[in-house]
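Chains as they are written, first to last, in this note's numbering: chain A, 219 to 441; chain B, 6 to 319.
Where a beta carbon is used, it is the ideal one built from N, C-alpha and C, also for glycine.
Step one of this worksheet: look at the structure below.
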Ligand SMILES: Nc1ncnc2c1ncn2[C@@H]1O[C@H](COP(=O)(O)OP(=O)(O)OP(=O)(O)O)[C@@H](O)[C@H]1O
Ligand SMILES: [Mg+2]
């Protein structure tokens with residue numbers, strides 16, 4: 219769950235910078251699934267990077283999983299990041315590490331045992347249908363395959379908050395359907411999920427409460 | 006599947022290659038070892054010059070043939086003052102050598118003044134040169150005893166040369182200290198530059214593991230451990246390379262130092278004691294301390310550099 223109150227964000231500082239978000243207030247409960255909609259440049263990715271603690275809001279109050287972000291020290295934010303999963307629009311895979319190592323990364327940073335890591339990675343990669351590409355490097359994969367690796371890495375440590383930026387844009391319809399079923403299953407288990415998308419067809423097929431942005435302003439919450 | 010224990014994407018073997026840093030740190034350690042050795046040598050020479058056998062004390066006894074003031078109770082034959090003084094000096098521990106200047110030596114020494122006054126029959130005092138054992142300061146307790154026997158006795162510590170040499174040694178030590186400081190500053194800058202370059206090549210991976218919840222102390226610790234070990238290795242090489250150089254230099258300096266009786270040939274390589282006898286202990290300790298000092302400096306510099314760099318991430 220998370221709460222935003224009067225949050226603004228500008229790239230390059232609040233004075234001269236490009237305003238990406240203006241006075242956004244939101245309150246999303248634990249286990250909720252939300253679509254995040256809006257035209258290109260509306261500020262969807264910017265909102266998701268605030269939620270994944272990739273950037274700090276220029277102004278306003280941000281509270282994620284009960285933690286007030288501005289008042290929390292760096293070590294506390296690092297701990298909080300381990301409870302947040304993020305699928306980036308550009309996937310964010312390390313090109314010189316194998317698929318296995320990319321997906322295992324969050325677990326290695328938590329110092330889990332290698333045997334347990336191998337077990338978890340094989341299970342999740344089987345689920346996304348890529349268990350035969352574990353030793354490949356990300357640049358050797360297709361766009362859709364890379365996207366599935368990024369999704370696998372974001373969910374492998376069962377985050378309490380999952381933010382996904384256009385997670386279906388490189389997937390075919392069948393894989394997108396599987397992904398949506400997994401998201402709903404995770405939400406049932408208590409994960410709060412926000413998915414940004416342009417894909418009207420998938421929103422129509424899987425109706426859920428939405429957040430809609432336009433020019434950085436919140437124009438619809440819930441409805 | 007044998008996977009690396011630390012596969013966290015930092016790829017430090019790439020980011021901080023294992024040759025460049027040890028080579029540079031090793032060179033710095035080598036220079037620092039030489040500078041420190043110079044400082045240590047200057048220090049021990051100055052010790053020798055100010056307290057050691059290099060120092061000469063002169064004792065002037067006016068009216069040497071006058072009778073000494075003996076205590077009446079002893080009822081001895083009244084001796085001359087010079088005999089009484091020489092007897093006391095002979096019985097004083099710490100004095101290695103006494104030499105009474107002959108009349109001819111004395112007149113030669115005083116020739117300029119005697120010529121000026123033109124009087125060759127001037128009563129001359131007796132002059133005795135004393136050599137004291139290193140580290141012994143006998144003058145303070147000696148003077149009252151001599152004066153009790155021969156009033157008017159003067160003692161003079163010939164300190165002009167030893168003072169000048171001590172000043173020279175002190176400035177040599179200061180130069181050595183400065184050189185060590187400069188070398189350390191350069192080493193710190195080199196480590197900082199190498200670390201920054203390493204951070205830059207792995208910037209994407211660092212951003213990613215930061216986003217996945219790696220703490221600053223984890224990332225800086227990984228870099229600092231790598232750099233610390235490389236610097237330790239470099240320091241070790243520098244120390245080992247400095248050793249033959251210092252051995253050669255201390256052989257050259259042997260006639261001027263207390264190490265004069267060190268064997269000129271290399272001892273059996275298994276005999277550690279014989280090896281350690283070739284170098285003064287201060288130099289040996291310095292060689293032992295340089296590698297861990299290099300490692301620690303590298304570790305601390307990297308910690309600070311990486312932590313400062315990570316501040317740009319939220
Ligand atoms: N790194 C950046 N520097 C400066 N301006 C940026 C940067 N990233 C985004 N912007 C600007 O911020 C605004 C919001 O961008 P954002 O990426 O959040 O939009 P978006 O809704 O995700 O768009 P899309 O659907 O195309 O991904 C845009 O006007 C964009 O030009
Ligand atoms: Mg976007």
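Specify the secondary structure class of residue 279 (chain A) as computed by DSSP and reduced to three states.
Position 61 of the first chain, counting from 1, holds the residue named residue 279 (chain A). Here residue 279 (chain A) sits in strand by DSSP.
Pick out every residue whose C-beta is nearer than 5 Å to a heavy atom of ligand 1: which are they, in chain order?
Put simply, the residues with a CB less than 5 Å from any heavy atom of ligand 1 are A:229, A:236, A:238, A:258, A:259, A:260, A:261, A:262, A:263, A:264, in chain order.
Among all the DSSP beta bridges, which residues are the ones paired with residue 237 (chain A)?
As a working mapping, residue 237 (chain A) is identified with position 19 in the first chain. In the DSSP output, where bridge partners are listed per residue, residue 237 (chain A) has A:228.
Please report the straight-line C-alpha distance between residue 301 (chain A) and residue 389 (chain A), rounded to a whole angstrom.
Taking the first chain and counting its residues from 1, the one referred to as residue 301 (chain A) is at position 83. Taking the first chain and counting its residues from 1, the one referred to as residue 389 (chain A) is at position 171. Between residue 301 (chain A) and residue 389 (chain A), the C-alpha separation is close to 26 Å.
Chain A partners of residue 319 (chain B), CB-CB under 8 Å?
Numbered from its first residue, the second chain carries residue 319 (chain B) at position 314. What residue 319 (chain B) touches in chain A: 271, 272, 273, 274, 295.
Just checking residue 383 (chain A) against ligand 2 - is the residue's beta carbon closer than 7 Å to any of the ligand's heavy atoms?
As a first step, residue 383 (chain A) is located in the first chain; it is residue number 165 there, counting from the start. Answer for residue 383 (chain A): yes, Cβ within range of ligand 2.
Specify, as a first and last residue, the run of the alpha helix (DSSP H) that residue 397 (chain A) falls within.
Locating residue 397 (chain A) in the first chain gives position 179, counting from the first residue. First-last of the alpha helix (DSSP H) with residue 397 (chain A): 391-406.
Residues, ordered as in the chain, of the region 195-228 of chain B that lie near chain A by beta-carbon distance below 9 Å:
Those would be 209, 210, 212, 213, 214, 215, 216, 217, 218, 219, 220, 221, 222, 223, in chain order.
Please classify residue 308 (chain B) as buried or exposed, where buried requires at least 16 other C-beta atoms within 10 Å of its C-beta.
As a first step, residue 308 (chain B) must be located in the second chain, where it is residue number 303. It is buried - the Cβ of residue 308 (chain B) has at least 16 other Cβ atoms within 10 Å.
Ignoring anything shorter than 4 residues, give me the alpha helix (DSSP H) runs that lie fully in the region 268-339 of chain A, in order along the chain.
292-299, 317-327
Exposed or buried, what is residue 338 (chain A) when buried is set at 16 or more other beta-carbons lying within 10 Å of its beta-carbon?
Locating residue 338 (chain A) in the first chain gives position 120, where the first residue counts as 1. Classification of residue 338 (chain A): buried, given that the 10 Å Cβ count is 16 or more.
Got a sec: is the Cβ-Cβ distance from residue 231 (chain A) to anything in chain B below 8 Å?
As a position in the first chain, residue 231 (chain A) is number 13, starting the count at 1. Residue 231 (chain A) does not count as touching chain B.
Cβ-based contacts, 9 Å cut-off: residues of the region 16-33 of chain B near chain A
16, 19
By the DSSP assignment, the alpha helix (DSSP H) with residue 134 (chain B) in it spans what residues?
For the purposes of this step, residue 134 (chain B) is taken as the residue at position 129 of the second chain. Residue 134 (chain B) -> not in any alpha helix (DSSP H); beta strand (DSSP E) instead, spanning 131-137.
Measuring straight from C-alpha to C-alpha, what distance separates residue 230 (chain A) and residue 184 (chain B)?
Within the first chain, numbered from 1, the residue matching residue 230 (chain A) stands at position 12. Within the second chain, numbered from 1, the residue matching residue 184 (chain B) stands at position 179. Using only the alpha carbons, I get a separation of about 45 Å.
Just to confirm the assignment, what range does the alpha helix (DSSP H) spanning residue 207 (chain B) have?
As a working note, residue 207 (chain B) is residue 202 in the second chain. Counting along the chain, residue 207 (chain B) falls outside any alpha helix (DSSP H), and DSSP gives it neither H nor E.
CB-CB under 6 Å to residue 236 (chain B), same chain, minus the five flanking residues each way: which ones, in chain order?
Against the second chain, residue 236 (chain B) aligns to sequence position 231. Excluding sequence neighbours, residue 236 (chain B) sits near 30, 299, 300, 303.
Pairwise C-alpha distance: residue 227 (chain B) and residue 219 (chain B):
What you label residue 219 (chain B) is simply residue 214 of the second chain in a count that begins at 1. What you label residue 227 (chain B) is simply residue 222 of the second chain in a count that begins at 1. Looking at the two C-alpha atoms, the distance is approximately 11 Å.
Meets three-Cβ-pair contact criterion under 8 Å: the region 376-394 of chain A and the region 222-229 of chain A
Output reads no: the region 222-229 of chain A does not touch the region 376-394 of chain A.
Looking at residue 254 (chain A): is its Cβ nearer than 8 Å to the Cβ of residue 414 (chain A)?
Here the question's residue 254 (chain A) lines up with position 36 in the first chain. Here the question's residue 414 (chain A) lines up with position 196 in the first chain. A contact, by the Cβ cut-off of 8 Å.
Mind checking whether residue 22 (chain B) and residue 238 (chain B) have CB atoms under 8 Å apart?
What you label residue 22 (chain B) is simply residue 17 of the second chain in a count that begins at 1. What you label residue 238 (chain B) is simply residue 233 of the second chain in a count that begins at 1. Result no, Cβ atoms of residue 22 (chain B) and residue 238 (chain B) do not sit closer than 8 Å.
Drop a sphere of 10 angstroms on the beta-carbon of residue 250 (chain B), count the other beta-carbons inside from all chains shown, and report buried for 16 or more, exposed for fewer.
Your numbering for residue 250 (chain B) matches position 245 in the second chain. Its Cβ having fewer than 16 others within 10 Å, residue 250 (chain B) is exposed.
Would you identify the three-state DSSP class for residue 243 (chain A), choosing helix, strand or coil?
Your numbering for residue 243 (chain A) matches position 25 in the first chain. Three-state DSSP puts residue 243 (chain A) in a strand.
What number of angstroms, rounded off, separates the C-alpha of residue 216 (chain B) from the C-alpha of residue 367 (chain A)?
Position 211 of the second chain, counted from the start, is the residue given in the question as residue 216 (chain B). Position 149 of the first chain, counted from the start, is the residue given in the question as residue 367 (chain A). Between residue 216 (chain B) and residue 367 (chain A), the C-alpha separation is close to 17 Å.
Tell me, to the nearest whole angstrom, how far the beta carbon of residue 14 (chain B) is from that of residue 214 (chain B); I am working on the premise that it is less than 8 Å.
Position 9 of the second chain, counted from the first residue, corresponds to residue 14 (chain B). Position 209 of the second chain, counted from the first residue, corresponds to residue 214 (chain B). Their Cβ separation, rounded to whole angstroms, is 6 Å, which keeps residue 14 (chain B) and residue 214 (chain B) in contact under 8 Å.
For residue 162 (chain B), the three-state DSSP class (helix, strand or coil):
The count along the second chain starts at 1 and reaches residue 162 (chain B) at position 157. Of the three classes helix, strand and coil, the one that applies to residue 162 (chain B) here is strand, per DSSP.
Does the beta carbon of residue 324 (chain A) come closer than 8 Å to any beta carbon on chain B?
Locating residue 324 (chain A) in the first chain gives position 106, counting from the first residue. Output row for residue 324 (chain A): interface = yes.
What separation, rounded to the nearest whole angstrom, lies between the Cα atoms of residue 130 (chain B) and residue 172 (chain B)?
As a working note, residue 130 (chain B) is residue 125 in the second chain. As a working note, residue 172 (chain B) is residue 167 in the second chain. C-alpha separation (whole angstroms): 32 Å.
Three or more beta-carbon pairs under 8 Å between the region 293-310 of chain A and the region 267-281 of chain A, yes or no?
yes
Can you check whether the C-beta of residue 310 (chain A) is within less than 8 Å of a C-beta belonging to chain B?
In the first chain, counting from the first residue as 1, residue 310 (chain A) sits at position 92. Closer than 8 Å: yes.
Go ahead and label residue 194 (chain B) buried or exposed: buried means 16 or more other beta carbons lie within 10 angstroms of its beta carbon, across all protein chains shown.
Translated into positions along the second chain, residue 194 (chain B) becomes position 189. Under this definition residue 194 (chain B) is an exposed residue.
Let me see if you follow: with CB-CB separation under 8 Å, is residue 267 (chain B) close to chain A or not?
Locating residue 267 (chain B) in the second chain gives position 262, counting from the first residue. Below a pLDDT of 50, predicted positions are generally treated as unreliable, and residue 267 (chain B), at 45, falls in that range; no measurement from the model is reported.
List, in order along the chain, the chain A residues whose C-beta lies closer than 7 Å to that of residue 14 (chain B)?
Along the second chain, read from residue 1 onward, the residue named residue 14 (chain B) stands at position 9. 312, 315, 323, listed in chain order.
So with CB distances below 8 Å, who are the chain B contacts of residue 292 (chain A)?
Indexing the first chain from 1 puts residue 292 (chain A) at position 74. What residue 292 (chain A) touches in chain B, judged by beta-carbon distance under 8 Å, is 220, 221, going in chain order.
Just the C-alpha distance for residue 371 (chain A) and residue 40 (chain B), rounded to the nearest angstrom, thanks.
Numbered from 1 along the first chain, position 153 holds the residue referred to as residue 371 (chain A). Numbered from 1 along the second chain, position 35 holds the residue referred to as residue 40 (chain B). Answer to the nearest angstrom: the Cα atoms are 54 Å apart.
In angstroms with no decimal places, state the Cα-to-Cα distance between residue 69 (chain B) and residue 287 (chain B).
As a position in the second chain, residue 69 (chain B) is number 64, starting the count at 1. As a position in the second chain, residue 287 (chain B) is number 282, starting the count at 1. Taking the straight line joining both Cα atoms gives about 47 Å.
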